[in-house]
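Chain order of the listed sequences is A and B.
The working numbering applies: residue 1342 is where the first sequence begins, and numbers increase by one.
The working numbering applies: residue 1342 is where the second sequence begins, and numbers increase by one.
Ideal placement from N, C-alpha and C gives every residue a C-beta, glycine not left out.
No experiment lies behind these values; they were computed from the predicted model shown.
2 protein chains.
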Amino acid sequence: MPDPNALPIYQRTAERLIREIAAGRLLDGERLPPERDMAVSLGISVGTLRKSLADLQSRGLLERRQGSGNYIRHQPEASGVYAFFRLELAKGGGGLPTAEVLSVARLEKPRPAPGFGPSPEAHRIRRLRAVGGVPAALEEIWLDGARAERIAPRDLSESLYLFYRDRLGLVISRVEDRLGTAPVPDWTEAPFGPTAGQTVGYVERTGWDQEGRAVEFSRTWFDPDRVRYVARMR
Amino acid sequence: MPDPNALPIYQRTAERLIREIAAGRLLDGERLPPERDMAVSLGISVGTLRKSLADLQSRGLLERRQGSGNYIRHQPEASGVYAFFRLELAKGGGGLPTAEVLSVARLEKPRPAPGFGPSPEAHRIRRLRAVGGVPAALEEIWLDGARAERIAPRDLSESLYLFYRDRLGLVISRVEDRLGTAPVPDWTEAPFGPTAGQTVGYVERTGWDQEGRAVEFSRTWFDPDRVRYVARMR
DNA sequence: AGGAATTTGTGCGTATGTATC
DNA sequence: AGATACATACGCACAAATTCC
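What follows is the structure, encoded as structure tokens:
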């Protein structure tokens, strides 16, 4: 008798494989066993396994080659929509973008936010973003509570979207950014160039997953004298 | 015997449905017949049809509700590059965006602009943009002089990008927007809510044609109290 | 309120096609 | 050419969600 609370087999299988990849037991470039063999060893049908594999493929974690095999793709490279939105220095030149996690907390969702995700709670991640070593923006990200049990600051040491993909199996496939100006918030965590209350550039973002569900909401305050917000569309 | 050059049935079916939507034969919100019925009328199996429908869903054209039905999701303004960048009212609600041409002139290119096009001259088009009847932004577009001999204001009565496409054979296929804040310029042409010199939202855009040549440069000042600049990425 | 009917979601099995080795 | 492996397509049974009466 199946557990009524359990996720579908194909989802459990996909998440299991994602965990294997995140844990390093499946390495980049590695070839999986043939689908028939995998299905047998997992105790599921080939069709169900194929649905799991298609899921991994759509998340960019697997490359499927007809006649050849299924290959793990675990590149820590930028993929997906975030490559198209970035902060860069206002006065020419590059400058490496970095992000320092200031705090992580699980809280009730903020009220002025648009609806996202099923949970009444969300993880609030506050970051101080810098470009070329210069603090340039404050960022507050709200991730729906149903997506992760707990998040520790060191989970996010690499990159936020890698954490999403590798640890949560979450790929943000569509975002909408709303831009304007807003006063700098008064955070206890952050030293930031402009004084609290001063009007700066402001971006509000909603992020959706592949199934079209809103899962993320974020706000960024940036110093327009130091940094520009860039959106690129192909 | 199946044509070896033909696409798979599920792909052909998906494209057929997409064409139906694009042609307006399937309207937004419309409910499709039950999958079993559709499959019969298309002469394919339910499984194959379901794969086509999943394709449409992943493209955001279809919403599938278990126990209810499959519903067309078609936002006609969501096509083309410029659909991804728009102004909308800050306080919810739609509101028809309009643009009034204030002046058109052929001038030397502005100096602080990034390079675009081969000519030393460019057409400068100034527009007053409104949303829902309320003036919300000033816009200045520079189009490389080599792209057109002369431009009359009434050429632009319809839409700037229709003029580009239909009269100049120019399709903007990539844009990059840089956002920040800037003081309102002191134009003689324009009545605009905020006083000249006041700091407002500011967007600087470079536009490229299909061959990757930069051809257009524009600047927009918008009142962040009235209007938000929205960038959407798929 | 509640049960029946409808509709999509999940899972399995099988046969055949096509690309790769 | 043959074997291997993924892709496509079909059909069926049951589960889960929604809708209708």
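>> Against chain A, which members of the stretch 1513-1532 of chain B pass a CB distance test of less than 7 Å?
In response: Those residues of the stretch 1513-1532 of chain B placed with their C-beta closer than 7 Å to a C-beta in chain A are ARG1515, VAL1516, GLU1517, ASP1518, ARG1519, LEU1520, GLY1521 and THR1522, ordered along the chain.
> Quick one: what does DSSP say PRO1343/A is sitting in, helix, strand or coil?
Replying inline: Position 2 of the first sequence, counting from 1, holds the residue named residue 1343/A. Because the pLDDT at PRO1343/A is just 48, under 50, the model does not fix this residue reliably, and the point stays unresolved.
>> So with CB distances below 7 Å, who are the chain A contacts of GLY1542/B?
In response: On the second sequence, residue 1542/B is found 201 positions in, with the first residue counted as 1. Here the neighbours are LEU1520, GLY1521 and THR1522.
> At a Cβ threshold of 9 Å, is SER1399/B touching chain A?
Replying inline: As a working note, residue 1399/B is residue 58 in the second sequence. Chain A has a Cβ within less than 9 Å of the Cβ of SER1399/B.
> Taking Cβ to Cβ, would you say ASP1550/A is nearer than 9 Å to ALA1363/A?
Replying inline: Taking the first residue of the first sequence as position 1, residue 1550/A is located at position 209. Taking the first residue of the first sequence as position 1, residue 1363/A is located at position 22. In terms of Cβ geometry, ASP1550/A and ALA1363/A do not form a close pair [threshold 9 Å].
> Exposed or buried, GLY1458/B, counting other C-beta atoms within 10 Å across all chains shown (16 or more means buried)?
Replying inline: As a first step, residue 1458/B is located in the second sequence; it is residue number 117 there, counting from the start. Burial check for GLY1458/B: the Cβ neighbour count within 10 Å reaches 16 or more, so the residue is buried.
>> Counting C-beta neighbours from all protein chains within 10 Å, is the total for ASP1485/B 16 or more, i.e. buried, or is it exposed?
In response: Residue numbering aside, residue 1485/B sits at position 144 when the second sequence is read from its first letter. Classification of ASP1485/B: buried, given that the 10 Å Cβ count is 16 or more.
> Looking at C-alpha atoms only, which residue of VAL1544/A, SER1460/A, PRO1476/A and PHE1563/A is the closest neighbour of ARG1554/A?
Replying inline: Numbered from 1 along the first sequence, position 213 holds the residue referred to as residue 1554/A. Checked all of VAL1544/A, SER1460/A, PRO1476/A and PHE1563/A; the closest Cα to ARG1554/A is SER1460/A.
> Is the stretch 1563-1574 of chain A close to the stretch 1505-1525 of chain B, with three or more CB pairs under 8 Å?
Replying inline: The stretch 1563-1574 of chain A is in contact with the stretch 1505-1525 of chain B.
> THR1389/A by DSSP, collapsed to three states: which one?
Replying inline: Taking the first residue of the first sequence as 1, we reach residue 1389/A at position 48. Three-state DSSP puts THR1389/A in a helix.
> Between which two residues does the alpha helix (DSSP H) harbouring LEU1358/B extend?
Replying inline: Within the second sequence, numbered from 1, the residue matching residue 1358/B stands at position 17. First-last of the alpha helix (DSSP H) with LEU1358/B: 1350-1363.
> What in chain B is Cβ-close to TYR1570/A, meaning under 8 Å?
Replying inline: Counted from its first residue, the first sequence places residue 1570/A at position 229. Close partners of TYR1570/A in chain B (Cβ separation under 8 Å): ARG1519, LEU1520 and GLY1521.
> At a CB-CB cut-off below 8 Å, which residues of chain A make contact with ALA1477/B?
Replying inline: Position 136 of the second sequence, counting from 1, holds the residue named residue 1477/B. By Cβ distance, chain A contributes nothing, its closest Cβ being about 11 Å from ALA1477/B, past 8 Å.
>> Taking the alpha-carbon of PRO1455/A as reference, which of ALA1355/A, VAL1381/A, GLY1548/A and ARG1567/A has the nearest alpha-carbon?
In response: Counting from one through the first sequence, the residue named residue 1455/A turns up at place 114. Taking PRO1455/A as reference, the option from ALA1355/A, VAL1381/A, GLY1548/A and ARG1567/A with the minimal CA-CA separation is GLY1548/A.
> Since ASP1518/B is in the beta strand (DSSP E), which residue starts that stretch and which ends it?
Replying inline: Position 177 of the second sequence, counting from 1, holds the residue named residue 1518/B. Segment 1515-1524, the beta strand (DSSP E) holding ASP1518/B.
> Among the residues of its own chain, which have a CB less than 7 Å from the CB of ARG1472/A, if the five just before and after it don't count?
Replying inline: Residue mapping note: residue 1472/A aligns to position 131 of the first sequence, counting from 1. First, the amino acid is wrong: residue 1472/A is Val here, not Arg. For VAL1472/A, where only same-chain residues beyond five positions count, the Cβ hits under 7 Å are LEU1428, GLU1429, LEU1430, GLY1436, PRO1438 and VAL1568.
>> Buried or exposed for GLU1530/B, going by 16 or more other Cβ atoms inside 10 Å?
In response: Stepping through the second sequence from its first residue, residue 1530/B is reached at position 189. It counts as exposed.
>> So ARG1400/A and VAL1512/A are supposed to be a Cβ contact under 8 Å. How far apart are they, rounded?
In response: On the first sequence, residue 1400/A is found 59 positions in, with the first residue counted as 1. On the first sequence, residue 1512/A is found 171 positions in, with the first residue counted as 1. Their Cβ separation, rounded to whole angstroms, is 5 Å, which keeps ARG1400/A and VAL1512/A in contact under 8 Å.
>> Suppose the cutoff is 7 Å on Cβ atoms and the five residues either side in sequence are ignored; what does the same chain contact list for GLY1474/A look like?
In response: Taking the first sequence and counting its residues from 1, one reaches residue 1474/A at position 133. Same-chain partners within the cutoff: there are none.
> For VAL1512/A, which three-state DSSP category applies?
Replying inline: Within the first sequence, the letter at position 171 stands for residue 1512/A. It is coil, neither helix nor strand.
> Could one say the Cβ of ARG1573/B lies closer than 9 Å to chain A's Cβ atoms, at least one of them?
Replying inline: Locating residue 1573/B in the second sequence gives position 232, where the first residue counts as 1. The Cβ of ARG1573/B sits closer than 9 Å to at least one Cβ of chain A.
>> Cutting at 6 Å between CB atoms, please list the residues of its own chain near ILE1350/A, excluding the five before and the five after it.
In response: Mapped onto the first sequence, residue 1350/A falls at position 9. Only ILE1385 and THR1389 meet the Cβ criterion.
> What do you get for SER1382/B, buried or exposed, if any count of 16 or more other CB atoms within 10 angstroms of its CB means buried?
Replying inline: As a first step, residue 1382/B must be located in the second sequence, where it is residue number 41. In the assembly as shown, SER1382/B is an exposed residue. Its beta-carbon has fewer than 16 other beta-carbons within 10 Å.
>> Our contact map puts ARG1468/A next to ALA1440/A with C-beta atoms below 8 Å; I'd like the distance itself, whole angstroms only.
In response: Taking the first sequence and counting its residues from 1, the one referred to as residue 1468/A is at position 127. Taking the first sequence and counting its residues from 1, the one referred to as residue 1440/A is at position 99. About 5 Å; that satisfies the 8 Å criterion.
> Beta-carbon of LEU1430/A versus every beta-carbon of chain B: anything under 9 Å?
Replying inline: Position 89 of the first sequence, counting from 1, holds the residue named residue 1430/A. By this cut-off, LEU1430/A is not an interface position.
> With a cut-off of 9 Å, does the C-beta of GLU1404/B fall near any C-beta of chain A?
Replying inline: Locating residue 1404/B in the second sequence gives position 63, where the first residue counts as 1. Interface residue (Cβ-Cβ distance to chain A less than 9 Å): GLU1404/B is classified as such.
> Hey, how far is the Cα of ASP1415/B from the Cα of GLY1370/B?
Replying inline: The residue labelled residue 1415/B in the question sits at position 74 within the second sequence. The residue labelled residue 1370/B in the question sits at position 29 within the second sequence. A small fix is needed here, since residue 1415/B is His in this sequence, not Asp. The C-alpha of HIS1415/B lies about 8 Å from the C-alpha of GLY1370/B.
> How is the alpha helix (DSSP H) around ASP1369/A delimited, first residue to last?
Replying inline: The residue given as residue 1369/A occupies position 28 in the first sequence. According to the DSSP assignment, ASP1369/A belongs to no alpha helix (DSSP H), since it is labelled neither H nor E.
> CA-CA distance, GLU1499/B and ILE1492/B?
Replying inline: Sequence index remark: in the second sequence, residue 1499/B carries index 158 (1-based). Sequence index remark: in the second sequence, residue 1492/B carries index 151 (1-based). Put simply, the backbone Cα of GLU1499/B is about 14 Å away from that of ILE1492/B.
> Using a C-beta cutoff of 9 Å, does PRO1565/B count as contacting chain A?
Replying inline: By one-based count along the second sequence, residue 1565/B stands at place 224. The C-beta of PRO1565/B comes closer than 9 Å to at least one C-beta of chain A.
>> According to DSSP, PRO1438/A sits in a beta bridge with which residue or residues?
In response: Start at 1 with the first residue of the first sequence, and residue 1438/A comes out as number 97. Note: PRO1438/A sits in a beta bridge opposite VAL1472/A.
>> Using CA atoms only, rank isn't needed, just tell me which of GLN1539/B, ALA1487/B and LEU1503/B is closest to THR1522/B.
In response: The count along the second sequence starts at 1 and reaches residue 1522/B at position 181. Checking every option, the nearest Cα to that of THR1522/B belongs to GLN1539/B.
> Do you know offhand how far VAL1556/A's Cα is from ARG1452/A's?
Replying inline: As a position in the first sequence, residue 1556/A is number 215, starting the count at 1. As a position in the first sequence, residue 1452/A is number 111, starting the count at 1. If you draw a straight line from the Cα of VAL1556/A to the Cα of ARG1452/A, it is about 15 Å long.
> Interface residues of chain B around GLY1436/A at Cβ under 8 Å?
Replying inline: Sequence index remark: in the first sequence, residue 1436/A carries index 95 (1-based). Those do not exist, as GLY1436/A stays about 15 Å from chain B at its closest Cβ, beyond 8 Å.
> At what residues does the alpha helix (DSSP H) containing LEU1383/A begin and finish?
Replying inline: Counted from its first residue, the first sequence places residue 1383/A at position 42. First-last of the alpha helix (DSSP H) with LEU1383/A: 1376-1383.
> Going along chain B in order, which residues have a C-beta closer than 9 Å to the C-beta of PHE1426/A?
Replying inline: Along the first sequence, one-based indexing puts residue 1426/A at 85. Neighbours of PHE1426/A in chain B, taken as residues at a C-beta separation under 9 Å, are given in chain order as ALA1572 and MET1574.
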